[in-house]
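Going by the numbering used here, the letters in the sequence shown line up with residues 20 to 298, in that order.
Below is one structure, written out as structure tokens; comments come after it.
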Amino acid sequence: MHKPNSISIGIIGCGAIGETLARALDEGLVGNAVLTILFDRNIAKAKALAESLEKRPFVASSFEEFLGHEALDLVVEAASQQAVRDYGIRILEVGKDLMIMSVGALVDQGLFQALKVAAEGKGRKIYIPSGAIGGLDALKAAVLRRIDEVTLTVRKPPAALRDASHSIKSLGFELESIKTPTIVFEGPASEACRLFPSNVNVAAALSLASLGTERTKVRVMVDPSIKENVHKIFVKGEFGEFLFEAHNVPSPKKASTSYLAALSAIATLKKITETIIIG
């Protein structure tokens, strides 16, 4: 039941991030936000998650059923870049706010503009959490003046890049043969998000907040000597320069996902519900 003054949340995707967010909502950790409905193309996975939660949200058997749920204020996409393409505009056009976790999809400028137009047409909001990085608050302030360089270096253990092994091979490297820290990619954020769709969503968020997907530089390094996912951001401009480095514990559910990415979704939802907003 949709309680008065509460925000009704629907989640698409019941993987690492979707499950973490669902449990936080179920435990009442996200202000007055309430988890109402789940959808995953793997219905059994969605049902298993719902049954493990105390408040037992409804499980939609199709996206159409999910979208037609009347008590729904905000949809969290936690599935894939393809889910953003397939569902994002439709969600906004029926008057729901949208939080996008697979932000790498937004390097497609056509899709980005279409989502923006759909949101503006219905007076809705699109929320993009900071994901596995920090420093976006400082960056958003810095871009009010000239920015000369934004570089993201992503350093991950081989296990965290296993689902990108084909892309790494196309770049001339065999993931399983890498025994020392090795740079496997250097280039624009647009290309990084295409080659590493599950690993560098942070590059898309960074580029959207700064120089754009072609001028934001990304370096991807495979490092067998580490167990954490390391993200280093260097920004230089009229304001001066800053370096931000995060050593992120991988999600227990999926090595390629930093635990902080799931926590950032929780924090963004909490921020939406709060009266006093910091940062």
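Backbone N, C-alpha and C fix where the C-beta goes; we use that ideal spot for every residue, glycine too.
For GLN100, is the classification buried or exposed, using 16 other Cβ atoms within 10 angstroms of its Cβ as the cut-off for buried? Sequence index remark: in the sequence shown, residue 100 carries index 81 (1-based). It counts as buried.
Whole-Å CB distance - LEU288 paired with ALA52, under 8 Å assumed: The residue given as residue 288 occupies position 269 in the sequence shown. The residue given as residue 52 occupies position 33 in the sequence shown. Contact between LEU288 and ALA52 holds, with the beta-carbon distance rounding to 5 Å and staying under 8 Å.
Neighbourhood of LEU158 by C-beta, 7 Å cutoff - its chain only, sequence neighbours within 5 removed: Residue 158 sits at position 139 when you count from the first residue of the sequence shown. When the five nearest sequence neighbours on each side are left out, the beta carbons in the same chain lying within less than 7 Å of the beta carbon of LEU158 are those of ALA228, SER229 and VAL254, in order along the chain.
Quick check: ALA57 and LEU68, are their CB atoms within less than 9 Å of each other? The residue given as residue 57 occupies position 38 in the sequence shown. The residue given as residue 68 occupies position 49 in the sequence shown. Rather than Ala, the amino acid found at residue 57 in this sequence is Leu. The answer is yes: Cβ separation under 9 Å.
Determine which residues share a DSSP beta bridge with PRO269 and list them. Start at 1 with the first residue of the sequence shown, and residue 269 comes out as number 250. As a beta-bridge residue in DSSP terms, PRO269 pairs with SER277.
Name the one or two DSSP bridge partners that GLU96 has. For the purposes of this step, residue 96 is taken as the residue at position 77 of the sequence shown. GLU96 is bridged to ILE31 and ILE119.
Three-state class that DSSP yields for PHE192 in the structure shown: Along the sequence shown, read from residue 1 onward, the residue named residue 192 stands at position 173. Residue state, collapsed to three classes: coil.
The stretch 23-32 / the stretch 254-270 touching (three or more Cβ pairs under 8 Å): Segments in contact, no.
LEU40: which of SER270, ILE295, PHE258 and THR294 sits nearest, CA to CA? The count along the sequence shown starts at 1 and reaches residue 40 at position 21. Closest in alpha carbon position to LEU40, among SER270, ILE295, PHE258 and THR294, is SER270.
Which same chain residues, not among the five before or five after THR201, have their C-beta less than 6 Å away from its C-beta? Translated into positions along the sequence shown, residue 201 becomes position 182. Residues of the same chain with a CB within less than 6 Å of the CB of THR201, apart from the 5 flanking positions on each side, are VAL241 in chain order.
Taking 9 Å as the cut-off, decide whether the C-beta atoms of ASN220 and ASP182 are in contact. Locating residue 220 in the sequence shown gives position 201, counting from the first residue. Locating residue 182 in the sequence shown gives position 163, counting from the first residue. No. Outside cutoff.
Name the two residues that bound the continuous beta strand (DSSP E) containing ALA52. As a first step, residue 52 must be located in the sequence shown, where it is residue number 33. 52-58 is the extent of the beta strand (DSSP E) around ALA52.
Buried or exposed for HIS250, going by 16 or more other Cβ atoms inside 10 Å? Along the sequence shown, read from residue 1 onward, the residue named residue 250 stands at position 231. HIS250 counts as buried, since at least 16 other C-beta atoms from the protein chains shown sit within 10 angstroms of its C-beta.
Along the beta strand (DSSP E) that carries ILE166, what are the first and last residues, could you check? By 1-based counting over the sequence shown, the position of residue 166 is 147. Per DSSP, the continuous beta strand (DSSP E) segment holding ILE166 begins and ends at 166-175.
Ignore the nearest five residues each way along the sequence and tell me which others in GLU205's own chain have a CB closer than 6 Å to its CB. Start at 1 with the first residue of the sequence shown, and residue 205 comes out as number 186. Non-local beta-carbon contacts of GLU205 in its own chain, meaning distances under 6 Å to residues more than five positions away in sequence, involve ARG238 in chain order.
Roughly how many whole angstroms lie between the Cα atoms of MET20 and ALA137? Taking the sequence shown and counting its residues from 1, the one referred to as residue 20 is at position 1. Taking the sequence shown and counting its residues from 1, the one referred to as residue 137 is at position 118. For MET20, the predicted structure reports a pLDDT of 46, less than 50, and the residue's modelled location is therefore unreliable. A value from the coordinates is still provided. In a straight line, the C-alpha of MET20 is about 28 Å away from that of ALA137.
For ALA284 and THR172, I'd like the C-alpha separation in whole angstroms. Against the sequence shown, residue 284 aligns to sequence position 265. Against the sequence shown, residue 172 aligns to sequence position 153. When rounded, the separation of the alpha-carbon atoms in ALA284 and THR172 is 22 Å.
Leaving out the 5 sequence neighbours to the left and right, which residues in its chain are closer than 6 Å to THR170 when beta-carbon positions are compared? Position 151 of the sequence shown, counted from the start, is the residue given in the question as residue 170. Excluding positions up to five away in sequence, the list reads LYS236 and PHE253.
Please report the distance separating the alpha-carbon of LYS290 from that of GLU193. As a position in the sequence shown, residue 290 is number 271, starting the count at 1. As a position in the sequence shown, residue 193 is number 174, starting the count at 1. Cα atoms of LYS290 and GLU193: separation of roughly 42 Å, rounded to the nearest angstrom.
Nonlocal neighbours in the same chain, by C-beta distance under 7 Å from ARG104, ignoring five residues either side: Position 85 of the sequence shown, counted from the first residue, corresponds to residue 104. Residues ALA124 and LEU130 of the same chain have their beta carbon placed closer than 7 Å to that of ARG104, with the five preceding and five following residues left out of the count.
Identify whether LEU262 lies in helix, strand or coil by the three-state DSSP scheme. As a working note, residue 262 is residue 243 in the sequence shown. In the structure shown, LEU262 adopts extended strand secondary structure according to DSSP, grouped into three states.
Beta-carbon separation of ASP116 and LEU93 under 9 Å? On the sequence shown, position 97 is the one that residue 116 refers to. On the sequence shown, position 74 is the one that residue 93 refers to. Their beta carbons are under 9 Å apart, which means ASP116 touches LEU93 by this criterion.
By Cβ distance, which residues of its chain are closer than 7 Å to ALA35, with the 5 residues on each side in sequence left out? Taking the first residue of the sequence shown as 1, we reach residue 35 at position 16. So the list reads SER270, LYS272, LYS273, THR276 and ALA281, once near-sequence residues are dropped.
Check ILE252 in the structure and name its three-state DSSP category. If you number the sequence shown from 1, residue 252 lands on position 233. Correct three-state label for ILE252: strand.
Closer than 7 Å by C-beta to ALA102: which residues in its own chain qualify, once you throw out the five before and the five after it? Chain order, please. For this step, residue 102 is matched to residue 83 along the sequence shown. Within the same chain, ALA102 has close Cβ partners ILE31, GLY32, GLU96 and SER121.
Proximity to SER209 [Cα-Cα], best of VAL203, SER226 and PRO243: Numbered from 1 along the sequence shown, position 190 holds the residue referred to as residue 209. When the alpha-carbon of SER209 is set against those of VAL203, SER226 and PRO243, the nearest one is in SER226.
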